[in-house]
Amino acid sequence: TNMSGCSALNCNNSTEKGYVMKVFPRDKERRAKWAANVGQKNWNPINTSFLYE
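Quick note on the working numbering: the sequence shown kicks off at 214 and runs consecutively.
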């Protein structure tokens with residue numbers, strides 16, 4: 214299944230390329246740390262946001 218893309222700026226990784234999808238944590242503190250490192254300004258993750266490992 215082809216889902217929407219990785220939340221990180223300029224990320225082209227996908228499961229088809231062998232990368233593992235990691236959903237953003239539900240814990241507010243951990244989620245904020247992840248969001249601060251994706252490279253997108255004024256962006257907040259939603260429950261379906263994810264990154265590739």
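Every residue gets a Cβ at the ideal spot worked out from N, C-alpha and C, and that includes glycine.
Just so you know, these numbers come straight off a predicted model, no measurement behind them.
For Lys254, name the three-state secondary structure that DSSP assigns.
Translated into the one-based positions of the sequence shown, residue 254 becomes position 41. Looking at Lys254 - three-state DSSP - the assignment turns out to be coil, as it is neither helix nor strand.
Candidates Tyr265, Gly252, Ala248: closest to Ile259 by CA position
If you number the sequence shown from 1, residue 259 lands on position 46. Looking from the CA of Ile259, the closest CA among Tyr265, Gly252, Ala248 belongs to Ala248.
Give the straight-line distance between the Cα atoms of Arg239 and Asn257, rounded to the nearest whole angstrom.
Stepping through the sequence shown from its first residue, residue 239 is reached at position 26. Stepping through the sequence shown from its first residue, residue 257 is reached at position 44. Those two C-alpha atoms are separated by around 13 Å.
Have a look at the DSSP bridge pairing and note the partners of Leu264.
Residue mapping note: residue 264 aligns to position 51 of the sequence shown, counting from 1. DSSP, once it has assigned bridges, lists Lys235 as partnering Leu264.
Tell me which residue opens and which closes the alpha helix (DSSP H) that Ala249 is part of.
Sequence index remark: in the sequence shown, residue 249 carries index 36 (1-based). Residues 241-249.
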